[in-house]
Each structure stands twice: as C-alpha cells, then as structure tokens.
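**Student:**
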Ligand SMILES: [Zn+2]
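In our numbering, the protein residues as written are 473 to 550.
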C-alpha cells in the first residue's frame, strides 16, 4: 500500500541525491576555475603525473626485442 509518508520519503531521497550531485559538480567547477586562475591547464600532459604517454623504443642488443629507452630488457635480467 502506498502511503503519503513513503511518497514523501522517496521525494526526499531524490532531492538529497540531486543536491549531492550538484555539490560535486560545483566542487569540480571550482577546482577547474582555481586551476585556470593559477595558470595550470588540467588537460596539459605536463600536469599529469606518472610515465609519459609516448616513449622511444630501442632494440635489445642481445635478443632484438624493442624495449623503452633507458630500461633493461627482460632477457638481461634473467
Ligand atoms: Zn633482450
């Protein structure tokens, strides 16, 4: 049986979820605006941490397998 209380509870849950998403979107926009003010482009590859997306490959002298420049081939580790 559908009671008024259940309907009001459902509407309340929907409103809480909506406000939660709205808050997250606002935080996202604020962090983007702050980064723009600081002169940092979020999409710039320099801003990302970790290894670069593109690396030069060099052939191994022993087995000929291509490995990232500056790293040791697995055949030399064994
Ligand atoms: Zn090798």
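Ideal Cβ placement from N, Cα and C applies to all residues, glycine included.
Express the C-alpha separation of residue 537 and residue 503 in angstroms, rounding to a whole number.
**Tutor:** For the purposes of this step, residue 503 is identified with residue 31 of the chain shown, where counting begins at 1. For the purposes of this step, residue 537 is identified with residue 65 of the chain shown, where counting begins at 1. Their backbone Cα atoms lie some 44 Å apart in a straight line.
**Student:** If you follow the beta strand (DSSP E) that residue 530 is in, where does it begin and where does it stop?
**Tutor:** Here the question's residue 530 lines up with position 58 in the chain shown. Taken as a continuous stretch (DSSP letters only), the beta strand (DSSP E) holding residue 530 covers 529 to 531.
**Student:** Is residue 549 close to ligand 1? I mean its beta-carbon at under 7 Å from any heavy atom of the ligand.
**Tutor:** The residue given as residue 549 occupies position 77 in the chain shown. Because no heavy atom of ligand 1 lies under 7 Å away, the Cβ of residue 549 does not count as near it: no.
**Student:** Return the bridge partner residues of residue 490 from the DSSP annotation.
**Tutor:** In the chain shown, counting from the first residue as 1, residue 490 sits at position 18. Looking at the DSSP assignment, residue 490 forms no beta bridge with any residue, so it has no partner.
**Student:** Considering only the alpha carbon of each residue, which of 547, 532, 549 and 548 lies closest to residue 541?
**Tutor:** Translated into the one-based positions of the chain shown, residue 541 becomes position 69. Closest option to residue 541, Cα to Cα, is 532.
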